[in-house]
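K.L.:
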Amino acid sequence: MSLEAVPARPGFTSDLGRVVKAFPTLLRVGVSEVVAYRAEFLVWILTTNMPLVMLAIWHAVAADGPVGHFDQRAFTTYYLGVLAVRLLTSNWVVWQLSMEIRDGTLSAKLLRPIHPIYALAADHLSAVPMRALVISPAVAILAYVGWDRLLRHDGVLVLVFVASLVGAWLLIFFTMILMGALAFFVESALGIFELWLGVHAILSGYLVPIEALPHWARTAANVLPFRFMLGFPVEALVGLLSRHDALWALAAQWGYVAIFGAAAVGVWRVGVRHFSAYGG
Amino acid sequence: MALLRRYAGLFRVQLAMSALTAMQYRADFVVKGLIAILWMGVTLVPVLVVFGVRKSVAGWSFPESLVVVAWFTLLRAVLEGAVSPSLTAVVEHVRHGTLDFVLLKPADAQFLVSTAKIEPWHLVDVVGAFAIFVYAFSKIGRWPSLLNLGTGLAFLGLAIIILYSIWILVVSASFWVIKVDNLSYLFGSLFDAARWPITVFRGALRVVFTFVFPIALLTTYPAMALLGRLDLKTAIAALAGGLAFAAIARRVWRRALALYTSASS
Numbered sequence: 007m008s009l010e011a012v013p014a015r016p017g018f019t020s021d022l023g024r025v026v027k028a029f030p031t032l033l034r035v036g037v038s039e040v041v042a043y044r045a046e047f048l049v050w051i052l053t054t055n056m057p058l059v060m061l062a063i064w065h066a067v068a069a070d071g072p073v074g075h076f077d078q079r080a081f082t083t084y085y086l087g088v089l090a091v092r093l094l095t096s097n098w099v100v101w102q103l104s105m106e107i108r109d110g111t112l113s114a115k116l117l118r119p120i121h122p123i124y125a126l127a128a129d130h131l132s133a134v135p136m137r138a139l140v141i142s143p144a145v146a147i148l149a150y151v152g153w154d155r156l157l158r159h160d161g162v163l164v165l166v167f168v169a170s171l172v173g174a175w176l177l178i179f180f181t182m183i184l185m186g187a188l189a190f191f192v193e194s195a196l197g198i199f200e201l202w203l204g205v206h207a208i209l210s211g212y213l214v215p216i217e218a219l220p221h222w223a224r225t226a227a228n229v230l231p232f233r234f235m236l237g238f239p240v241e242a243l244v245g246l247l248s249r250h251d252a253l254w255a256l257a258a259q260w261g262y263v264a265i266f267g268a269a270a271v272g273v274w275r276v277g278v279r280h281f282s283a284y285g286g
Numbered sequence: 006m007a008l009l010r011r012y013a014g015l016f017r018v019q020l021a022m023s024a025l026t027a028m029q030y031r032a033d034f035v036v037k038g039l040i041a042i043l044w045m046g047v048t049l050v051p052v053l054v055v056f057g058v059r060k061s062v063a064g065w066s067f068p069e070s071l072v073v074v075a076w077f078t079l080l081r082a083v084l085e086g087a088v089s090p091s092l093t094a095v096v097e098h099v100r101h102g103t104l105d106f107v108l109l110k111p112a113d114a115q116f117l118v119s120t121a122k123i124e125p126w127h128l129v130d131v132v133g134a135f136a137i138f139v140y141a142f143s144k145i146g147r148w149p150s151l152l153n154l155g156t157g158l159a160f161l162g163l164a165i166i167i168l169y170s171i172w173i174l175v176v177s178a179s180f181w182v183i184k185v186d187n188l189s190y191l192f193g194s195l196f197d198a199a200r201w202p203i204t205v206f207r208g209a210l211r212v213v214f215t216f217v218f219p220i221a222l223l224t225t226y227p228a229m230a231l232l233g234r235l236d237l238k239t240a241i242a243a244l245a246g247g248l249a250f251a252a253i254a255r256r257v258w259r260r261a262l263a264l265y266t267s268a269s270s
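If you read the sequences in order, they're chains A and B.
Numbering-wise (this note's numbering), the first sequence opens with residue 7 and increments by one.
Numbering-wise (this note's numbering), the second sequence opens with residue 6 and increments by one.
#1: Counting along the chain, where does the alpha helix (DSSP H) carrying B/Arg255 start and finish?
#2: If the cut is a Cβ gap below 9 Å, which residues of chain B does A/Asn55 touch?
#3: With three or more C-beta pairs closer than 8 Å as the rule, is the stretch 228-245 of chain B touching the stretch 58-77 of chain B?
#4: Along the stretch 135-165 of chain B, what residues have a CB closer than 9 Å to any CB found in chain A?
#5: What would DSSP say about A/Met7, mapped onto helix, strand or coil?
#6: Could you check what DSSP says for A/Phe47 in three-state terms: helix, strand or coil?
#7: Identify every run of the alpha helix (DSSP H) within the stretch 230-281 of chain A, keeping only runs that are complete inside it and at least 4 residues long; order them along the chain.
#8: Classify B/Phe218 as helix, strand or coil using the three-state DSSP reduction.
#9: In angstroms, rounded to a whole number, what distance separates the CA positions of B/Val54 and A/Leu219?
#10: At a cut-off of 8 Å, is A/Leu177 close to the ligand NAD when judged by its beta-carbon and the heavy atoms of the ligand?
#11: Going by DSSP in three states, B/Trp44 sits in which element: helix, strand or coil?
#12: Per DSSP, what kind of secondary structure is B/Ala268 in: helix, strand or coil?
#13: Using only the alpha-carbon positions, how far apart do A/Met56 and B/Phe206 sit?
#14: Please list the partners that A/Leu213 has in chain B, where partner means a Cβ-to-Cβ separation under 9 Å.
#15: Could you check if A/Arg34 is buried or exposed, using at least 16 other CB atoms within 10 Å of its CB as the buried criterion?
#16: Give a yes or no on whether the minimum CB-CB distance between A/Met60 and chain B is below 9 Å.
#17: Look at the Cβ atom of A/Leu148, then the Cβ atom of A/Ala68, and state whether they are nearer than 9 Å.
#18: Give me the residue from A/Val276, A/Val240, A/Ile265 and A/Ile178 with the minimum Cα distance to A/Leu188.
#19: Within the same chain, show all residues whose beta-carbon is closer than 8 Å to that of B/Leu235, passing over the 5 residues directly before and after it, in chain order.
#20: Three-state secondary structure (DSSP) at A/Thr53?
#21: What is the DSSP secondary structure of B/Ser66, reduced to helix, strand or coil?
#22: What does B/Arg207 reach in chain A if we use C-beta pairs closer than 8 Å?
#23: Can you tell me whether A/Gly286 is helix, strand or coil according to DSSP?
#24: Quick check on the burial criterion: 16 or more other C-beta atoms within 10 angstroms. Buried or exposed for A/Asp129?
#25: Whole angstroms are fine: how far does the CA of A/Pro122 sit from the CA of A/Ala112?
#26: Would you mind working out which of A/Phe199, A/Ile216 and A/Leu94 sits nearest B/Leu39, comparing C-alpha positions?
#27: Pull up the distance between the alpha-carbon of B/Arg100 and that of B/Leu188, whole angstroms please.
#28: Grab me the residues of A/Trp227's own chain with a C-beta within less than 6 Å of its C-beta, minus the 5 sequence neighbours each way, in chain order.
#29: Please confirm whether B/Ile171 has its beta-carbon closer than 9 Å to some beta-carbon of chain A.
#30: Kindly indicate if chain A contains any beta-carbon less than 9 Å away from that of B/Trp277.
#31: Please classify A/Ser96 as buried or exposed, where buried requires at least 16 neighbouring CB atoms within 10 angstroms.
#32: Just to confirm the assignment, what range does the alpha helix (DSSP H) spanning B/Lys122 have?
#33: Buried or exposed: which applies to A/Arg137, given that a residue is buried once 16 or more other Cβ atoms fall within 10 Å of its Cβ?
#34: Have a look at B/Phe192 and A/Arg24 and give me their C-alpha separation to the nearest angstrom.
#35: Using a threshold of 9 Å, state whether the C-beta atoms of A/Leu94 and A/Ile51 are closer than that.
#36: Does A/Val192 come out as helix, strand or coil in the three-state DSSP assignment?
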């Protein structure tokens, strides 16, 4: 094969037209994959049981009076919200990427006429509808229990919440790409990811509502990106945020999306140049 | 007796191999140690937050709950350091068909696969667990009696047997359904609940965590034994139940192995 026959490596921004055309097909492939491996899919969903365990614990704690302004009902809506937002926005790009880089299967994907980041995005977006279906009972309970405070019955907050979900998905996706792409340079990319997971569990509001954290941790949580991946959409949903605070948080979140998006694409670009799998 | 000596020798060899492998990757060793310390902190934060607002929760005071957390940390070290790595390797063997080579070796297959891989950096967790024990009991101001320690140790043995048995059951499942590696994540995520005393759970969760996935036996009862709050009858019933569990797991493994027909079929 002559060199001319090899298509030019797709760029991240240069071939948007092709991406738009291919995306529906990629999504369809993803959905049928989810349906084919439905048992595995369900087991993955069940691994996210920590919010329910924490809910049980806070229920026991709040049995004899509210904690701060969280009573038992507020804890129920909060942790069901955490469960829903977490399942809608989480993905496993880090494992996928670091493995494909290490065992060289990434080379084949680089030859495809679509940038691997878009392919990964389609792969993980296509799991969202099924996940939404599985968690709909939890969302129904949340709406029933927390109706009087849900989104504060404010149209603006509804829009903010939807935008914050999209933002959270993108933010998580880009950080995962960023950390996965570190496998281009270092061997223990998954070790770094595990450190990140530990900090995330505390500062994102996953284990404990950010309000209940000690003062210094709350300050850190408000500045660092973790809260914008999980805690912020949940707080908006269950009515813990005023319109003013929510709009500010949304701005910060999308700022982080821009920063992490640029960083992910940049590290990827340098990494691919650096990358030489076996035989390539 | 000769058989026992042979297996002791085999165990020593397997252990030495694991240690050598671990020492090959020294930088990794340090990173993993740091991660272990971080996760210990992550484990403690919710407990600290909860007891920051209440003096006692569901009949457990702060230092008493710390005893449960210490048991949890100790068992997690055993699970992630000695049980999980080996058995995850079995799942890989089954998927690739390389289990054949293990089965051909002239020793018990369950023994061989269970001792294949040990990750020594989890010793950090063991040290952490003891630090939490010491802190908790010094806060309580009363140290466990010899009898309590004895019962506690018996429960440690039992807990390891139960963890191992559940794992063997999960791995046996890999002979029927190949994609089982996420079952191990499910197992790990359920085990995380063991850091809390069983009494904080109500209703269905309490039943599940006592009988189906017995975290009560893993951490709550051992902690009660150390604290001298466990009566003899419950202790004996728990021990008997745990041993029965292990016997069932061994039988299931034998059945599953009989079904194994290598990768191509």
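Backbone N, C-alpha and C fix where the C-beta goes; we use that ideal spot for every residue, glycine too.
Quick caveat: nothing in here was measured; it's all calculated off a predicted structure.
P.N.:
In terms of the structure at hand:
#1: The sequence position of residue 255 of chain B within the second sequence is 250, counting from 1. Bounds of the alpha helix (DSSP H) holding B/Arg255 are Leu237 to Leu264.
#2: On the first sequence, residue 55 of chain A is found 49 positions in, with the first residue counted as 1. Neighbours of A/Asn55 on chain B, chain order: Leu191, Ser194, Leu195, Asp197 and Ala198.
#3: At 8 Å Cβ cutoff, the stretches touch.
#4: none
#5: Locating residue 7 of chain A in the first sequence gives position 1, counting from the first residue. At A/Met7, the pLDDT of 40 sits below 50, so the modelled position is not reliable; the number obtained from the coordinates is stated separately. Of the three classes helix, strand and coil, the one that applies to A/Met7 here is coil, per DSSP.
#6: To locate residue 47 of chain A, count along the first sequence from 1; it is residue 41. Here A/Phe47 sits in helix by DSSP.
#7: The stretch 230-281 of chain A contains these whole alpha helix (DSSP H) runs: 237-243 and 249-280.
#8: For this step, residue 218 of chain B is matched to residue 213 along the second sequence. B/Phe218: coil per DSSP, three-state reduction.
#9: In the second sequence, residue 54 of chain B corresponds to position 49, counting from 1. In the first sequence, residue 219 of chain A corresponds to position 213, counting from 1. Rounded to whole angstroms, B/Val54 to A/Leu219 spans 7 Å at the Cα level.
#10: Ligands in the displayed structure: none, and consequently the ligand NAD is not present.
#11: The count along the second sequence starts at 1 and reaches residue 44 of chain B at position 39. Here B/Trp44 sits in helix by DSSP.
#12: The count along the second sequence starts at 1 and reaches residue 268 of chain B at position 263. With a pLDDT of 49 at B/Ala268, under the threshold of 50, the predicted position of this residue should be treated as unreliable, though the coordinate-derived value follows. In the structure shown, B/Ala268 sits in coil (DSSP, three-state: anything other than H, G, I, E or B).
#13: Translated into positions along the first sequence, residue 56 of chain A becomes position 50. Translated into positions along the second sequence, residue 206 of chain B becomes position 201. Approximately 13 Å between the Cα atoms of the pair.
#14: For the purposes of this step, residue 213 of chain A is taken as the residue at position 207 of the first sequence. Per Cβ cutoff of 9 Å: Val47, Val50, Pro51 and Val54.
#15: Stepping through the first sequence from its first residue, residue 34 of chain A is reached at position 28. Counting Cβ neighbours within 10 Å, A/Arg34 comes out exposed, since fewer than 16 surround it.
#16: In the first sequence, residue 60 of chain A corresponds to position 54, counting from 1. Closer than 9 Å: yes.
#17: Taking the first residue of the first sequence as position 1, residue 148 of chain A is located at position 142. Taking the first residue of the first sequence as position 1, residue 68 of chain A is located at position 62. No, the Cβ-Cβ distance between A/Leu148 and A/Ala68 is not below 9 Å.
#18: For the purposes of this step, residue 188 of chain A is taken as the residue at position 182 of the first sequence. That would be A/Val276, whose Cα lies nearest to the Cα of A/Leu188.
#19: Your numbering for residue 235 of chain B matches position 230 in the second sequence. Around B/Leu235: Thr156, Tyr226 and Met229.
#20: The residue labelled residue 53 of chain A in the question sits at position 47 within the first sequence. Helix, per DSSP.
#21: Taking the first residue of the second sequence as position 1, residue 66 of chain B is located at position 61. Strand.
#22: By one-based count along the second sequence, residue 207 of chain B stands at place 202. Result: Ala62, His65 and Ala66.
#23: The residue you call residue 286 of chain A lines up with position 280 of the first sequence. Residue confidence for A/Gly286 is low, a pLDDT of 41 falling below 50, so the modelled location carries little weight and cannot support an answer.
#24: The residue given as residue 129 of chain A occupies position 123 in the first sequence. When all chains shown are included, A/Asp129 counts as buried.
#25: The residue labelled residue 112 of chain A in the question sits at position 106 within the first sequence. The residue labelled residue 122 of chain A in the question sits at position 116 within the first sequence. Contrary to the premise, residue 112 of chain A reads as Leu rather than Ala in this sequence. In a straight line, the C-alpha of A/Leu112 is about 9 Å away from that of A/Pro122.
#26: To locate residue 39 of chain B, count along the second sequence from 1; it is residue 34. Closest option to B/Leu39, Cα to Cα, is A/Phe199.
#27: One-based indexing of the second sequence puts residue 100 of chain B at position 95. One-based indexing of the second sequence puts residue 188 of chain B at position 183. Using only the alpha carbons, I get a separation of about 15 Å.
#28: Counting from one through the first sequence, the residue named residue 227 of chain A turns up at place 221. Note that residue 227 of chain A is Ala in the sequence shown, not Trp. Only Leu209, Ile216 and Arg233 meet the Cβ criterion.
#29: Looking up residue 171 of chain B in the second sequence gives position 166. No, because no Cβ of chain A sits closer than 9 Å to the Cβ of B/Ile171.
#30: As displayed, chain B neither begins before 6 nor continues past 270, which places residue 277 of chain B out of reach and without an answer.
#31: In the first sequence, counting from the first residue as 1, residue 96 of chain A sits at position 90. Label assigned to A/Ser96: buried.
#32: Here the question's residue 122 of chain B lines up with position 117 in the second sequence. B/Lys122 -> no alpha helix (DSSP H), and no H or E assigned at all.
#33: As a working mapping, residue 137 of chain A is identified with position 131 in the first sequence. When all chains shown are included, A/Arg137 counts as buried.
#34: What you label residue 192 of chain B is simply residue 187 of the second sequence in a count that begins at 1. What you label residue 24 of chain A is simply residue 18 of the first sequence in a count that begins at 1. Going from the Cα of B/Phe192 to the Cα of A/Arg24 covers about 42 Å.
#35: For the purposes of this step, residue 94 of chain A is taken as residue 88 along the first sequence, with counting starting at 1. For the purposes of this step, residue 51 of chain A is taken as residue 45 along the first sequence, with counting starting at 1. Their beta carbons are not under 9 Å apart, which means A/Leu94 does not touch A/Ile51 by this criterion.
#36: Start at 1 with the first residue of the first sequence, and residue 192 of chain A comes out as number 186. Correct three-state label for A/Val192: coil.
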